[in-house]
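My numbering numbers the first residue of the sequence shown as 2 and each following residue consecutively.
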Amino acid sequence: MIDMAGINTHGGLNGQPRTWTRLYLAAVTSLVLLSSIPIVLLCTHQPESALVASGTATVDAERTSLGPAPIVSTDGIPLTIERNMLPDGFSIAKNTEVVLTDGQASVVKAFGDYLAARGEWAVVTSGKRTSEGQLALIKERITEKGAAAKFPKLEEASILDTKIWLKAWRWLTARHVPINAPAPVPGENVRTSMHLQGLAIDLISNNLDHLRSMLANFSRSEYAGQAQLHITGIVREPGCVHINLG
Ligand SMILES: [Zn+2]
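Okay, here's the thing in structure tokens:
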């Protein structure tokens, strides 16, 4: 398993706790894998690194308390323990691989305050993305669509191999796969993501239509005034609610 090395490093000090920890982590890892499948397909961006990071977070939680406890990221946002699941006692959290700029984090915190005041919750599934991360996503989508053989050079392609990924990206968009290009291309009509500029966030909850209307209400509330950036657009996507910031 991907996190066995982590367990050996951080696990219990003697036989029984470590065995318990292994069983517990095996169960949690299975749950994480099972529960993440539908949303990973739709609305997350680096599932592999996410699963590794998620396992690490669980181990860290084991180390600091008897049961899994939420960890707060350096940006002040609590991290999920189970991917896409809100930890107890919080109104907002982010998946472990999500990177937020200070401006994005200030919006997430303000929205968390708004949610807490209403007994509601949300989980952040994407913040600032890199061009490399976006290219990795294109590679994943091509593989999911069974089209890897059509683009034999794609797997090894870097951001500089514009011609290679541009073909694959156009193939996906022609099939209505919602995905942005990893970088702008001079002279080409290429749509890039506001996530690359740190000006977009994706969120989920148990009811995305409700989440969408809460974000709209939040953007007009005094809570939004605490944040460094403001919501300039809200899009209900298939597996998440996407907001643009400015
Ligand atoms: Zn988005």
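Heads up, the beta-carbon is just placed ideally off N, CA and C, and yes, glycines get one too.
Does DSSP put Thr102 in a helix, in a strand, or in coil? DSSP, reduced to helix, strand and coil, places Thr102 outside both helices and strands of the structure shown, so it counts as coil.
Are the region 208-216 and the region 142-153 in contact at 8 Å, needing three or more beta carbon pairs? Verdict: no, contact absent.
Do the region 120-133 and the region 191-201 make contact, defined as three or more Cβ pairs closer than 8 Å? Enough Cβ pairs lie closer than 8 Å, so yes.
Is the beta carbon of Ala182 within less than 8 Å of some heavy atom of ligand 1? Answer for Ala182: no, Cβ out of range of ligand 1.
Ligand 1 heavy atom lying under 8 Å from the CB of Glu141: Not under cutoff, so the answer is no.
Using three-state DSSP, classify Ser127 as helix, strand or coil. Here DSSP, grouped into helix, strand and coil, assigns Ser127 to strand.
Given this structure, state the Cα-to-Cα distance separating Ile82 from Val100, to the nearest angstrom. Answer to the nearest angstrom: the Cα atoms are 16 Å apart.
From the DSSP secondary-structure annotation, give me the bridge partner or partners of Ala201. BP columns for Ala201 point to Asn245.
Give me whichever residues DSSP pairs with Arg237 in a beta bridge. Per DSSP, Val242.
Quick check on Val108: does DSSP put it in helix, strand or coil? Note: Val108 maps to helix in three-state DSSP.
Count the other CB atoms, across all protein chains shown, that sit within 10 Å of the CB of Arg119; report buried if there are 16 or more and exposed otherwise. Around the beta carbon of Arg119, fewer than 16 other beta carbons sit within 10 angstroms, so the residue counts as exposed.
Test item, CB below 6 Å from any non-hydrogen atom of ligand 1: Qualifying residues, in the order they occur: Ser127, His196, Ala201, Asp203 and His243.
Out of Pro88, Val108, Leu87 and Leu173, which one is the CA nearest neighbour of Arg192? Comparing Cα-Cα distances from Arg192 to each of Pro88, Val108, Leu87 and Leu173, the minimum goes to Leu173.
Of the residues Lys168, Glu238, Ala150 and Ala225, which one's Cα is nearest the Cα of Ser206? It is Glu238 whose Cα lies nearest to the Cα of Ser206.
Given a threshold of 16 other Cβ atoms within 10 Å of its Cβ, counted over all protein chains shown, does Leu161 qualify as buried or as exposed? When all chains shown are included, Leu161 counts as exposed.
Straight-line Cα distance separating Cys241 from Thr102: The C-alpha of Thr102 lies about 20 Å from the C-alpha of Cys241.
Cα-Cα separation, Met86 to Ala111: Straight-line Cα distance between these residues: approximately 20 Å.
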